[in-house]
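Those protein sequence lines, which keep their order, are chains A and B.
With the first letter of the first sequence counted as 1, position 154 gets the number 154 in the numbering used here; the numbers rise by one all the way through.
One rule links them: number in the numbering used here = place in the second sequence (from 1) + 331.
Don't be surprised by glycine CBs; every beta carbon is placed ideally from N, CA and C.
Working notes, beginning with the structure itself.
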Amino acid sequence: MSDIPAPRHIPDRLDKPLSSAIFSWEALLVVVAVAIFAINSFASPYFLDAYSLSDLTFNFTEKGLIAFAMALLIISGEIDLSVAAIIALASTMMGMAVQAGADTPVLVAIGILVGLGCGAFNGLLVTRLGLPSIVVTIGTMSLFRGIAFIILGDQAYKGYPESFAFFGQGYVWWVVSFELVLFLIAAVVYWFLLHRTSFGRRVFAIGNNPVAAQFSGVRVGRIKFILFCLTGLMAGIASVLITSRLGSTRPSIAQGYELEVITMVVLGGVSILGGSGSIVGVVLAAFIMGLVTFGLGLLNVPGIVMSIFIGLLLIVVIALPIVWRRLRGNS
Amino acid sequence: MKAFLKYREIWLAAAIIVLIGLISTRFPGFAEPGNLAQVFNDTSILMILALGQMVVILTRSIDLSMASNLCFTGMVVAMLNAAHPAIPIPLLIVIALAVGLVLGAINGLLVWRLNIPSIVVTLGTLTIYRGATFVLSGGAWVNADKMSPEFIGFQRAALLGIPVLSWIAILVIALFFVLMTRTALGRSIYAIGVNPTASVYAGIDVGRTKFIVFCISGMIGGLSGYLWISRYVIASVEVANGYELNIIAACVIGGISIAGGIGSVGGAVLGALFLGIISNALPVINISPFWQMAISGSAIILAVVLNARGERQKGRIILRKAEAA
């Protein structure tokens, strides 16, 4: 048995030179974030204040929570446009439960389970019937929010119990909100899941080549199904937070969030075509979007004008590396 | 292939006839020619928009910015009309087409020259164009009393018993029919959707063709901007908010494959009519309008399930992924 050659060492990852770390997407995002932070500090005297900065975090924690799961889903080559509608449906169900006299633990369970159920529904349609996820989730987006409209019409649910307010309004320590803590925990969990487990490796494999992944023994359908469930679950959690923060439910709650979540993910360097991306990038993108909206808000810039900055940021940050490469290639 | 396409549209047309029949059992007046002409007129703008979106989707791209383009261009023509009522309406329509063309060309250039996926580009311009509307108007509305009577009346004038708006829709449908079935550009659009790599070898400039389809969808968005504003006689930042997904829904129900290459003018028109009939019928048969969203959602899911049965080919999916990488 001594004639068997020593197994060749295959590295888990390639050694990266320092220069690639400096010119990486995450580094670009850090520079952008620091720049926006600095501009904000100069522009408004109220910005550098612990309480202001604490308020700032509410701008991105709820969307950020969904963005983590969405990042995995997009890396695997799928997309979910129905997340905001899931928030609306879960919130409506919680509102119904309140009318029936449910208490806080039941409410939280309902919110999370409705989210999970909606995600599973999307996942079944996409993986079992083999339908394109962008179309399926445009449909379920109308369906989920449509059900919320059927139940609520032009009414609103109020009267959530006082203990329920903690999730969206409570502070764990000093100015550190419960939402921020949850966001950070989720960031670590999703970072570990995507970058340190075989599950994460399979997600990348599916995104790069689903057929090759299938032939390599990866259960493509099952993993995609799990990712849809996770996205629904995170939307359910976000629904609990938003409902708790607002203290009321209308069927139009969280309208348009889906595009903001996807903007966050793409800004974070996740390829919309699937196959690449990182959680660190998504965290940075969440911070950047929060900083931009909050900083402009302090300067009394209306929300709709902020969206111009977010849109420009999205296109410019993605176009810059392409233009940069092209300029270097020409010279 | 062609026989198959016809097959699908016949089914959709049959579904629409059944739908009209069902509505008539509850509200007998619905199927009368006068009412159906009214439904057609109500759906005209959605039909026009769906055709613009169709050419984009056929090339495996997507234009999420159409509703924002509509909003911006509508505000431009409304403010122009309010400031200079003397500008004739045909000139205003040309201006609307030109403004829409510029917005579409921006999308097209980013997709063509920088190779950014169209969903990312138009996600960005969706927010930018709507935000630009706010900057342009300063958040103010342009109300009916500031618009000239010609501005509001043009599309309502009857020509041979049919409103001008319907005639515009018929004209646009005819133009798209000629474009898609009788021109080299139409053939290239289908070819790119079916197989971009083969299209390159066949001598089609894929990037330039994508630029052109975004210019087309931009012009359509601009034209719809004038039509929308003069129909609902109010221009604000909120106009057609979220409507981009209705446009895509009309295309999906019309059997246009989101993977590109499959779809027809007739399908897009029927898909839009299907949604238009539902939204027109709900009030007259005493169903709360709050049901509309869930019904269209279910229709979209049903349509995509049914359409997928015909499209299932494993080979295509492998090719699509290989090219995307």
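Put residue 177(A) into one of helix, strand or coil per three-state DSSP.
-> For the purposes of this step, residue 177(A) is taken as the residue at position 177 of the first sequence. Three-state DSSP puts residue 177(A) in a strand.
Spatially closest choice to residue 84(A) from 48(A), 77(A), 152(A) and 145(A), by CA coordinates = Counted from its first residue, the first sequence places residue 84(A) at position 84. Measuring from the Cα of residue 84(A), the nearest candidate turns out to be 145(A).
Secondary structure of residue 460(B), DSSP reduced to three states = Here residue 460(B) refers to the residue found at position 129 of the second sequence. Correct three-state label for residue 460(B): helix.
Report the option in 481(B), 569(B), 357(B) and 438(B) whose CA atom is closest to the CA atom of residue 451(B).
-> Counting from one through the second sequence, the residue named residue 451(B) turns up at place 120. Considering only alpha carbons, the answer is 438(B).
How is residue 494(B) classed by DSSP in three states: helix, strand or coil?
-> Here residue 494(B) is taken as the residue at index 163 of the second sequence, counted from 1. In this structure, residue 494(B) counts as strand in the three-state DSSP scheme.
Mind listing the chain A neighbours of residue 624(B)? Cutoff is C-beta to C-beta under 7 Å, in chain order.
-> For the purposes of this step, residue 624(B) is taken as the residue at position 293 of the second sequence. Within 7 Å Cβ-Cβ: 142, 145, 146 and 149.
Is it true that the region 509-526 of chain B meets the region 482-492 of chain B, where meeting means three or more beta-carbon pairs spaced less than 8 Å apart?
-> no
For the region 413-468 of chain B, which segments carrying the beta strand (DSSP E) assignment without a break, of at least 3 residues, lie completely within its bounds, in sequence order?
-> none
Can a CB atom of chain B be found closer than 8 Å to the CB of residue 322(A)?
-> Counting from 1 along the first sequence, the entry for residue 322(A) is found at position 322. So, interface residue.
Straight-line gap, residue 539(B) to residue 443(B) (C-alpha atoms, nearest Å) = For the purposes of this step, residue 539(B) is identified with residue 208 of the second sequence, where counting begins at 1. For the purposes of this step, residue 443(B) is identified with residue 112 of the second sequence, where counting begins at 1. When rounded, the distance between both Cα atoms is 6 Å.
Helix, strand or coil: which one does DSSP assign to residue 566(B)?
-> For the purposes of this step, residue 566(B) is taken as the residue at position 235 of the second sequence. The answer is strand: DSSP assigns residue 566(B) an E or B state.
Partner residues on chain D for residue 318(A), Cβ-Cβ distance less than 7 Å | Within the model displayed, chain D is absent; protein chains A and B are what it includes.
Looking only at C-alpha atoms, which of 348(B), 391(B) and 596(B) sits nearest to residue 500(B)?
-> Indexing the second sequence from 1 puts residue 500(B) at position 169. Cα-wise, what sits closest to residue 500(B) is 596(B).
Range of the contiguous alpha helix (DSSP H) that encloses residue 131(A) = Residue 131(A) sits at position 131 when you count from the first residue of the first sequence. That residue, residue 131(A), is in no alpha helix (DSSP H); it is neither H nor E in DSSP.
Can you have a look at residue 326(A) and say buried or exposed, based on whether 16 or more other CB atoms are within 10 angstroms of its CB?
-> Translated into positions along the first sequence, residue 326(A) becomes position 326. Residue 326(A) is exposed by the Cβ-count criterion.
Exposed or buried, which one is residue 394(B) when buried takes at least 16 other CB atoms within 10 Å?
-> Within the second sequence, the letter at position 63 stands for residue 394(B). With 16 or more Cβ atoms within 10 Å of its Cβ, residue 394(B) is classed as buried.
If we ignore side chains and look at the alpha-carbon of each, how far apart do residue 230(A) and residue 112(A) end up?
-> Mapped onto the first sequence, residue 230(A) falls at position 230. Mapped onto the first sequence, residue 112(A) falls at position 112. Distance between the alpha carbons of residue 230(A) and residue 112(A): 11 Å.
Taking the continuous alpha helix (DSSP H) assigned at residue 390(B), which residues delimit it?
-> Here residue 390(B) is taken as the residue at index 59 of the second sequence, counted from 1. Premise fails: residue 390(B) is in no alpha helix (DSSP H) and is neither H nor E.
Can you name the residues of chain B whose CB is closer than 9 Å to the CB of residue 304(A)?
-> The count along the first sequence starts at 1 and reaches residue 304(A) at position 304. Going along chain B in sequence order, the residues near residue 304(A) (Cβ under 9 Å) are 458, 461, 462, 464, 465, 466, 470 and 568.
If the cut is a Cβ gap below 9 Å, which residues of chain A does residue 629(B) touch?
-> As a working mapping, residue 629(B) is identified with position 298 in the second sequence. Those are 139, 142, 143 and 146, listed as they occur along chain A.
Write down the C-beta distance between residue 76(A) and residue 277(A) rounded to the nearest angstrom, noting that I regard them as a contact closer than 8 Å.
-> Position 76 of the first sequence, counted from the first residue, corresponds to residue 76(A). Position 277 of the first sequence, counted from the first residue, corresponds to residue 277(A). Their Cβ separation, rounded to whole angstroms, is 10 Å, which puts residue 76(A) and residue 277(A) out of contact at 8 Å.
What is the DSSP secondary structure of residue 254(A), counted as helix, strand or coil?
-> Reading the first sequence from its first residue, position 254 is the one you call residue 254(A). In this structure, residue 254(A) counts as coil in the three-state DSSP scheme.
Per DSSP, cross-strand counterpart(s) of residue 489(B) | Locating residue 489(B) in the second sequence gives position 158, where the first residue counts as 1. Beta-bridge pairing links residue 489(B) to 494(B).
Within the 8 Å Cβ cut-off, does residue 333(A) reach chain B?
-> A question about residue 333(A) goes unanswered here, because the residues of chain A that appear run from 1 up to 331.
Identify whether residue 249(A) lies in helix, strand or coil by the three-state DSSP scheme.
-> Counted from its first residue, the first sequence places residue 249(A) at position 249. Of the three classes helix, strand and coil, the one that applies to residue 249(A) here is strand, per DSSP.
Does residue 589(B) have its Cβ less than 8 Å from a Cβ in chain A?
-> On the second sequence, position 258 is the one that residue 589(B) refers to. Yes, residue 589(B) counts as interfacial toward chain A.
Kindly say whether residue 455(B), judged by its beta-carbon, lies nearer than 8 Å to any beta-carbon of chain A.
-> Within the second sequence, residue 455(B) is the residue found at index 124, counting from 1. Yes, because at least one Cβ of chain A sits closer than 8 Å to the Cβ of residue 455(B).
Taking the alpha carbon of residue 580(B) as the point to measure from, which residue in 189(A), 142(A), 184(A) and 173(A) has its own alpha carbon closest?
-> Taking the first residue of the second sequence as position 1, residue 580(B) is located at position 249. The shortest C-alpha separation from residue 580(B) is found at 142(A).
List the residues of chain B that residue 308(A) touches, going by C-beta distances under 7 Å, in chain order.
-> As a working note, residue 308(A) is residue 308 in the first sequence. Result: 458, 459, 462 and 463.
In terms of residue numbering, what span does the alpha helix (DSSP H) encompassing residue 576(B) cover?
-> Looking up residue 576(B) in the second sequence gives position 245. Start and end: 574-584.
Mind listing the chain B neighbours of residue 129(A)? Cutoff is C-beta to C-beta under 8 Å, in chain order.
-> Along the first sequence, one-based indexing puts residue 129(A) at 129. Per Cβ cutoff of 8 Å: 636 and 639.
Backbone CA spacing between residue 169(A) and residue 108(A) [nearest angstrom] | For this step, residue 169(A) is matched to residue 169 along the first sequence. For this step, residue 108(A) is matched to residue 108 along the first sequence. The straight-line gap from Cα to Cα measures roughly 15 Å.
Segments of 4+ residues assigned as alpha helix (DSSP H) that fall wholly inside the region 40-98 of chain A = 50-57 and 61-75
Spatial neighbours of residue 51(A) within its chain, please: CB distance less than 7 Å, with the 5 preceding and 5 following residues excluded, ordered by chain position.
-> Sequence index remark: in the first sequence, residue 51(A) carries index 51 (1-based). Cβ within range, chain order: 175.
Per-residue DSSP class, three states only, for residue 473(B) | To locate residue 473(B), count along the second sequence from 1; it is residue 142. Three-state result, residue 473(B): strand.
Quick one: what's got a C-beta closer than 7 Å to residue 644(B)'s C-beta in the same chain, skipping five residues either side?
-> Here residue 644(B) is taken as the residue at index 313 of the second sequence, counted from 1. Note on residue 644(B): pLDDT 49, under 50, position unreliable in the model; the coordinate value appears next. Closer than 7 Å at Cβ, skipping near neighbours: no residue.
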